[in-house]
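As structure tokens, the structure follows; a few thoughts come after it.
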Amino acid sequence: MDLKSAWLATRQWVPFTLRTMAYGTVSLTLGPLTPQRSASLWAMRRWCQASARGLDIEIQASGLENVPPGVFVYCSNHQSLLDILALGAVLPGDFKWAAKRSLMKIPFLGWHLRLAGHVPVDRTVGSRAAVEAIARFEEVLRSGKPLLVFPEGTRSEDGILREFKNGGFYAAVRAGVPVVPVAIDGTHLLMKKGAIDTGDGTLRIVRVRVGAPMAVRPDGREGARVNELRERAHAAVSELLRSIGGRVEAPAGAAAASEARASGARTEQASG
């Protein structure tokens, strides 16, 4: 890292750290003393909004009128660590994150996440951890709180939407709550996976769009209902992401099928 990059990183991340400590202290001290830990929710929202401004990020949100009352699952694509700031700043509701377990170890931030009831998720272990995560998701929903999941399972390395995993959809089916699709675009350009954001003070745009809630199919085998809901959610997030300028990976086999159709067309033309 050269001197300029070091200065830019210091200019951004020192205030960010101090801000995290300040709002984390509010959450930890006042959260347990307020009904429904409302002080923790206030601190989280203000931390997200202030941190986005401090990192020279403008968040443009649309479709918020689609968010239903009550309990549901937000289902969002995942481009960078900055997603937590952007979504936390604009999405309504006292929702709980499905957060990478390592985040829980960060002083103040991790302490807040645990206190506020967010769900630690292990992404490096097997099926047992997946079952435990789904059970924790169900607990959040049955306690009356919305849940936010990133069903791609990890951040996209190139910003392109990937296939979804089943965990959050099992929880939605078992709890009988709708899924609300969310698309976010622009954070990948600001802070790529493994990178340090060193913006130069120029205002950067992040776009968030919320789609209409999708009800769980009421009948059929659980596995089939989960798969059907996952596919509908992926299609909805894909459409939202395209509408705000994002990129979507073609479904498996789509490229081959397209090439086969093109080859067939060329053959027909040649024979004609």
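Per UniProt numbering, the very first residue in the sequence shown carries number 1; after that it's consecutive. We treat Cβ as the ideally placed atom computed from N, Cα and C, and that holds for glycine.
What separation, rounded to the nearest whole angstrom, lies between the Cα atoms of residue i and residue j?
i: residue 99; j: residue 6; result: 28 Å
i: residue 145; j: residue 3; result: 46 Å
i: residue 229; j: residue 217; result: 8 Å
i: residue 264; j: residue 242; result: Confidence in residue 264 is poor, its pLDDT being 44 and thus under 50, which makes the residue's placement unreliable; the coordinate value appears in the next sentence. Going from the Cα of residue 264 to the Cα of residue 242 covers about 29 Å.
i: residue 9; j: residue 25; result: 24 Å
i: residue 164; j: residue 154; result: 10 Å
i: residue 244; j: residue 225; result: 29 Å
i: residue 127; j: residue 107; result: 29 Å
i: residue 65; j: residue 150; result: 21 Å
i: residue 35; j: residue 61; result: 29 Å
i: residue 59; j: residue 185; result: 10 Å
i: residue 18; j: residue 219; result: 51 Å
i: residue 29; j: residue 223; result: 43 Å
i: residue 201; j: residue 130; result: 41 Å
i: residue 132; j: residue 203; result: 41 Å
i: residue 69; j: residue 105; result: 32 Å
Am I right that residue i and residue j are in contact with their C-beta atoms under 8 Å? What's the rounded C-beta distance?
i: residue 23; j: residue 43; result: 4 Å
i: residue 93; j: residue 67; result: 7 Å
i: residue 40; j: residue 116; result: 5 Å
i: residue 84; j: residue 190; result: Contact doesn't hold; Cβ gap of about 13 Å is too wide.
i: residue 86; j: residue 187; result: 6 Å
i: residue 227; j: residue 152; result: In fact, because the Cβ distance is near 16 Å, the residues do not count as touching under 8 Å.
i: residue 211; j: residue 63; result: 6 Å
i: residue 122; j: residue 101; result: 5 Å
Excluding the 5 residues preceding and the 5 following residue i in the sequence, name in chain order all residues of the same chain whose CB lies nearer than 7 Å to its CB.
i: residue 134; result: 167, 170, 171
i: residue 238; result: 161, 248
i: residue 176; result: 216
i: residue 138; result: 171, 174, 175
i: residue 11; result: none
Tell me which same chain residues have a C-beta within less than 8 Å of the C-beta of residue i, skipping the five on either side of it?
i: residue 214; result: 178, 179, 180, 181, 229, 232, 233, 236
i: residue 45; result: 88, 89
Ignore the nearest five residues each way along the sequence and tell me which others in residue i's own chain have a CB closer than 6 Å to its CB.
i: residue 148; result: 74, 95, 97
i: residue 246; result: 185
Beta carbon of residue i, beta carbon of residue j: below 7 Å?
i: residue 156; j: residue 49; result: no
i: residue 103; j: residue 183; result: no
i: residue 20; j: residue 109; result: yes
Measuring alpha carbon to alpha carbon, tell me which residue in the options is nearest residue i.
i: residue 174; options: 211, 186, 141; result: 141
i: residue 37; options: 64, 27, 224; result: 27
i: residue 81; options: 221, 206, 226; result: 206
i: residue 208; options: 91, 222, 221; result: 91
i: residue 47; options: 158, 159, 16; result: 16
i: residue 72; options: 219, 30, 143, 203; result: 143
i: residue 13; options: 54, 202, 220; result: 54
i: residue 32; options: 219, 202, 111, 136; result: 111
Could you check whether the Cβ of residue i sits closer than 7 Å to any Cβ belonging to chain B?
i: residue 201; result: Looking for chain B here will not work: only one protein chain is present.
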